[in-house]
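For the sequence shown, the residue numbers in numbering that gives the first Met the number 0 are 0 to 509.
Okay, structure first, notes after.
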Amino acid sequence: MHRFRLLFVSVLLCLCACNCTENGDSDKPEGPADETKDVTAYVTTADMKNLFRKSSFSFTDLNVLDSYNVRYDKTSLGKEIDGFGLAVTTATCYNLMRMSQDDRTAFLKEIFSPDEGLGSSLIRVSIGASDFCLHEEYTWCDKPGLENFAVHEEDKEYLFPILKEIYAINPDVKIIASPWSCPKWMKCQMPGGNDWDASKFNTPVTEEKDYDSWTGGRLKPSCYQAYAGYFVKWVQLMEGEGFDIHALTMQNEPLNPGNSMSLVMPWQDQKEFVKILGPAMEEAGLGDVQLLLYDHNFNYDNKSGQDNYPLNIYADPEAYRWSDGSAWHSYGGSVTELDEIQATYPEKSIYFTEASIGEWNYNFANCLINDFSTLFMGTLKRGGQGVTLWNMMLDDKNGPYSPQEGSCKSCYGAVTIDSSDYSTIVRNSHWYNVAHASAVVKPGARMMETSGYSFPSGFQCQMFLNPDGTIGVLMLNEKTSSQQIVFINDTFTVKYNVPAKSLVSLIWQE
C-alpha cells in the first residue's frame, strides 16, 4: 500500500506517483513529464517501487528488422469502449463528504477530470440501497403503489451531492445502475419457501405468497409491470438531475439469495421481465438506456439450470430484441466464460461490473497483476466495452456498511481513507488498475489488431485508437524478467522495456 496525505498541490502532481518510504510518507512528487517528448508512459510495479510513475520519451527511427516489432492496424477496429471506473456507493459518498471540500474536489478531479486527471468515464450506482448503505435497507418506493415513489433521504443527502460534484468535473461520465432488491411489497416467497434450495430456482412462481424480507425471495409476476414503472421513474428522476444513465441491470447478483439485500431472479424470470421493461423504457422515451442481463459470476454461482444465463434469454426472439448485453462479476469462475457469449452474440455488449478486494484475498502484487489480467485485459479481449470495480472509497474499518447479516464487512475500497482525520488515504491495487486503463484508453476508443512479434507467455499487450487520434497501449508483464517491445508504423518506432511484474500504459499522438 502507498500512504500519503492529500496535499494536492495540483492534481497533476498526484498523478505523477512517487516512491514511498518505509514509514508511509512520500518523497516529493515528480514534476510533469517533458511535454516536448512524443510518448507518455505510466508504470506500476508489483514490488511498489513504481506507483503510476509518469515519464516521457521520444520516437526512434524506423528499424524494420527489429525482432520485437509489433505493427498495428488502424483500419481493423473492435467495439467502442465506454470506459473504466468504480462504484459510487452510499459508503463511498459518506466518506467523501467527511473530507474537506478542497481535498474532496482534488480527489475527484484526480479520478474524473479528462484534462487534469485520469478521465475515468464510467461509474456504477445502486438503485436504492446496497450492502454499503448507512443504516437500514431501502428502495425509492417502500410503500405499496408507485404513487409513493420518491428519492430516499439517504441518497438525497449523500449520493446526489457527490454525483453533482463528479458531473461538474466530467459531464460525460456514464452510469451503470443496478438494484439490490425490488421493493418488498413486490416480493413473494420462493417456490417451496426455501431461498437456498437451488432446485427451486428453475420452478415458476405460481403462488404469490407475500415475502417481507430484504434478503431473497422472487419478484411477483403480477408486479412485473409495476417494477418496470419503478425503473422508468428512477431513470427519469436521475436524468432530470443531470446524471446520464447509460445502462441498467435488472438485478445485482440474481443467483445470490444471501446478500443483506437481494432478490432471486433466475433467467426464466428475467427473460419475461425484460419483455415488460424494454417496451416500458421505450414508451417513456428512454430507449437509448441499455438493458444488461445477468450481472453475476462467471460460473453462474454453480446453480443447476442457470448455466448460460444470458444465452438462454437471447434465444427468445422477443427478449433478444430488448436485451442490449450482459454484465459480469468475478467471485466465481473464469473470464473465459465470455468466449462463448461473444462468439454466439458478437453484436451484444459485454461489461464487467463488479469485483472487490478485501481481507480474504488482498495482496497488492497479486491483486494488481491478476485483476488487470482478468478483469480488464480479459474483458476487453472478449469484446468488452467497460469495466467498473466495487467501492471507490471505504474507511480503515472497511465501511461504513449495512449492519445487516449478509453485507460485506471485509471488503476494501479502491482507496482507503483514515477515519481519524478523513485526509490520509491509501491507494489500493484497484485504484492503479483503473488509473492505468483510464489514462490512455479514452471513451470511444476501439481496440486495434496487431501483427508481427508473438507475445511470450506471461506478457499481454492491447492497442487502442482513441477518438482524438492518439494511440493508447495497455501492457501487462507477469514474468519475473523484463520484456522488450517495439511498436512500428511507416515512419517511426516506439521502443519500451516493460519491467518485470508490472503494468505499463503508453499514449502518443501520431
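Beta carbons are placed, not taken as given, at the ideal position from N, Cα and C, and that holds for glycine.
Values in this document were obtained by computation on a predicted structure and should not be read as measured data.
Tyr166: beta carbon under 6 Å from a heavy atom of the ligand ATP? The ligand ATP is not part of this structure, which contains no ligands at all.
Neighbourhood of Ile368 by C-beta distance below 8 Å, restricted to the same chain and skipping five residues each side: Within the sequence shown, the letter at position 369 stands for residue 368. Taken in chain order, the residues that qualify are Ala45, Leu475, Glu477, Lys500, Leu502.
Grab me the residues of Pro309's own chain with a C-beta within less than 6 Å of its C-beta, minus the 5 sequence neighbours each way, in chain order. Position 310 of the sequence shown, counted from the first residue, corresponds to residue 309. Same-chain partners within the cutoff: Leu292, Tyr293, Ser325.
Do the segment 399-417 and the segment 357-371 touch if we need at least three Cβ pairs shorter than 8 Å? Yes: the two stretches touch, three or more of their Cβ pairs being nearer than 8 Å.
Find the nearest neighbour of Lys441 within the set Asn496, Gln305, Ser450, Leu505, judged by alpha-carbon distance. Within the sequence shown, the letter at position 442 stands for residue 441. Nearest of Asn496, Gln305, Ser450, Leu505 to Lys441, Cα basis: Leu505.
Quick check on Gln508: buried or exposed, where buried means 16 or more other Cβ atoms within 10 Å of its Cβ? By 1-based counting over the sequence shown, the position of residue 508 is 509. A residue is called buried when at least 16 other Cβ atoms come within 10 angstroms of its Cβ; Gln508 does not meet this threshold and is exposed.
Assuming contact is defined by CB atoms lying nearer than 7 Å, are Thr43 and Tyr431 in contact in what I supplied? The count along the sequence shown starts at 1 and reaches residue 43 at position 44. The count along the sequence shown starts at 1 and reaches residue 431 at position 432. Contact flag set, yes.
Distance, Lys208 Cα to Asn193 Cα: On the sequence shown, residue 193 is found 194 positions in, with the first residue counted as 1. On the sequence shown, residue 208 is found 209 positions in, with the first residue counted as 1. For Asn193 and Lys208, the distance between alpha carbons rounds to 13 Å.
Segment contact, 8 Å Cβ cut-off, at least three pairs: the segment 215-235 with the segment 277-289: Judged by Cβ distances under 8 Å, the segment 215-235 makes contact with the segment 277-289, as three or more pairs qualify.
Along the chain, where does the beta strand (DSSP E) that runs through Leu337 open and close? Counted from its first residue, the sequence shown places residue 337 at position 338. Counting along the chain, Leu337 falls outside any beta strand (DSSP E), though it belongs to the alpha helix (DSSP H) covering 336-343.
What are the start and end residues of the alpha helix (DSSP H) that includes Ile495? Numbered from its first residue, the sequence shown carries residue 495 at position 496. Contrary to the premise, residue 495 reads as Tyr rather than Ile in this sequence. In the DSSP assignment, Tyr495 falls outside any alpha helix (DSSP H) and within the unbroken beta strand (DSSP E) covering 491-497.
Proximal residues to Gly241 (C-beta, below 7 Å), its chain only, five neighbours per side dropped: Walking along the sequence shown from the start, residue 241 turns up at place 242. Apart from sequence neighbours up to five positions away, the residues of its chain that approach Gly241 with a beta-carbon distance below 7 Å are Tyr166, ordered along the chain.
What three-state label does DSSP hand His429 in the structure shown? The residue given as residue 429 occupies position 430 in the sequence shown. In the structure shown, the three-state DSSP call for His429 is helix.
Quick check on Gln508: does DSSP put it in helix, strand or coil? Translated into the one-based positions of the sequence shown, residue 508 becomes position 509. Residue state, collapsed to three classes: strand.
Could you tell me whether the Cβ atoms of Gly382 and Lys78 are closer together than 7 Å? Taking the sequence shown and counting its residues from 1, one reaches residue 382 at position 383. Taking the sequence shown and counting its residues from 1, one reaches residue 78 at position 79. A distance below 7 Å separates the beta carbons of Gly382 and Lys78.
In this structure, does DSSP put Arg381 in helix, strand or coil? Numbered from its first residue, the sequence shown carries residue 381 at position 382. Arg381 falls in the coil class under three-state DSSP.
Once DSSP output is grouped into helix, strand and coil, what is the label at Ile275? Against the sequence shown, residue 275 aligns to sequence position 276. Helix, per DSSP.
Measure the alpha-carbon distance for Glu153 versus Gly191 and round it to whole angstroms. Against the sequence shown, residue 153 aligns to sequence position 154. Against the sequence shown, residue 191 aligns to sequence position 192. Cα-Cα distance, rounded: 35 Å.
Between the CA atoms of Glu317 and Tyr223 - distance to the nearest angstrom: The count along the sequence shown starts at 1 and reaches residue 223 at position 224. The count along the sequence shown starts at 1 and reaches residue 317 at position 318. Going from the Cα of Tyr223 to the Cα of Glu317 covers about 16 Å.
C-beta contact flag for Thr88 and Ser57 at 7 Å: The sequence position of residue 88 within the sequence shown is 89, counting from 1. The sequence position of residue 57 within the sequence shown is 58, counting from 1. Going by C-beta atoms, Thr88 is not nearer than 7 Å to Ser57.
Going by C-alpha distance, which of Thr104, Arg123, Gly412 is nearest Glu115? The sequence position of residue 115 within the sequence shown is 116, counting from 1. Cα-wise, what sits closest to Glu115 is Thr104.
Beta-carbon proximity check, Leu95 vs Ile168, cutoff 7 Å: For the purposes of this step, residue 95 is taken as the residue at position 96 of the sequence shown. For the purposes of this step, residue 168 is taken as the residue at position 169 of the sequence shown. No, they are not a contact pair.
Given this structure, state the Cα-to-Cα distance separating Leu218 from Leu262, to the nearest angstrom. Taking the sequence shown and counting its residues from 1, the one referred to as residue 218 is at position 219. Taking the sequence shown and counting its residues from 1, the one referred to as residue 262 is at position 263. Those two C-alpha atoms are separated by around 7 Å.
Cβ-Cβ separation, Leu76 to Gly385 (assumed contact under 8 Å), whole Å: Taking the sequence shown and counting its residues from 1, one reaches residue 385 at position 386. Taking the sequence shown and counting its residues from 1, one reaches residue 76 at position 77. 17 Å between Cβ atoms; not a contact.
If you reduce the DSSP assignment to three classes, tell me which class His245 lands in. Looking up residue 245 in the sequence shown gives position 246. If DSSP states are grouped into helix, strand and coil, His245 belongs with the strands.
Kindly say whether Ile484, judged by its beta-carbon, lies nearer than 7 Å to any beta-carbon of chain B. Absent from the structure is chain B; it holds one protein chain and no more.
Please classify Pro220: does DSSP put it in a helix, a strand, or coil? As a position in the sequence shown, residue 220 is number 221, starting the count at 1. Look at Pro220 here: in three-state DSSP terms it is helix.
Tell me the residue span of the alpha helix (DSSP H) that contains Asp101. As a first step, residue 101 is located in the sequence shown; it is residue number 102 there, counting from the start. It spans 100-111 - the alpha helix (DSSP H) in which Asp101 sits, taken as one unbroken run.
Using beta-carbon positions only, say whether Ala197 and Lys302 come within less than 7 Å of one another. As a first step, residue 197 is located in the sequence shown; it is residue number 198 there, counting from the start. As a first step, residue 302 is located in the sequence shown; it is residue number 303 there, counting from the start. A contact, by the Cβ cut-off of 7 Å.
Do Val485 and Asn49 come within 7 Å of each other at the CB atom, strictly closer than that value? The sequence position of residue 49 within the sequence shown is 50, counting from 1. The sequence position of residue 485 within the sequence shown is 486, counting from 1. When the beta-carbon positions are compared, Asn49 and Val485 stay at least 7 Å from each other.
Roughly how many angstroms separate the alpha carbons of His245 and Asp60, rounded to a whole number? By 1-based counting over the sequence shown, the position of residue 245 is 246. By 1-based counting over the sequence shown, the position of residue 60 is 61. Looking at the two C-alpha atoms, the distance is approximately 43 Å.
Cα separation between Gln250 and Pro178? In the sequence shown, the residue the question calls residue 250 occupies position 251. In the sequence shown, the residue the question calls residue 178 occupies position 179. The straight-line gap from Cα to Cα measures roughly 5 Å.
Pick out whichever of Glu346, Ser329, Phe371, Thr335 has its Cα sitting closest to the Cα of Thr352. Locating residue 352 in the sequence shown gives position 353, counting from the first residue. The option with the nearest alpha carbon to Thr352 is Ser329.
Do you know offhand how far Ile174's Cα is from Asp211's? As a first step, residue 174 is located in the sequence shown; it is residue number 175 there, counting from the start. As a first step, residue 211 is located in the sequence shown; it is residue number 212 there, counting from the start. Those two C-alpha atoms are separated by around 30 Å.
Cutoff 8 Å; reference Asp33; Cβ partners in own chain excluding five residues on either side: Taking the sequence shown and counting its residues from 1, the one referred to as residue 33 is at position 34. Only weak support is given to the placement of Asp33: the predicted model assigns it a pLDDT of 49, under 50, and the question is left unresolved by the model.
Can you tell me whether Val231 is helix, strand or coil according to DSSP? For the purposes of this step, residue 231 is taken as the residue at position 232 of the sequence shown. Helix.
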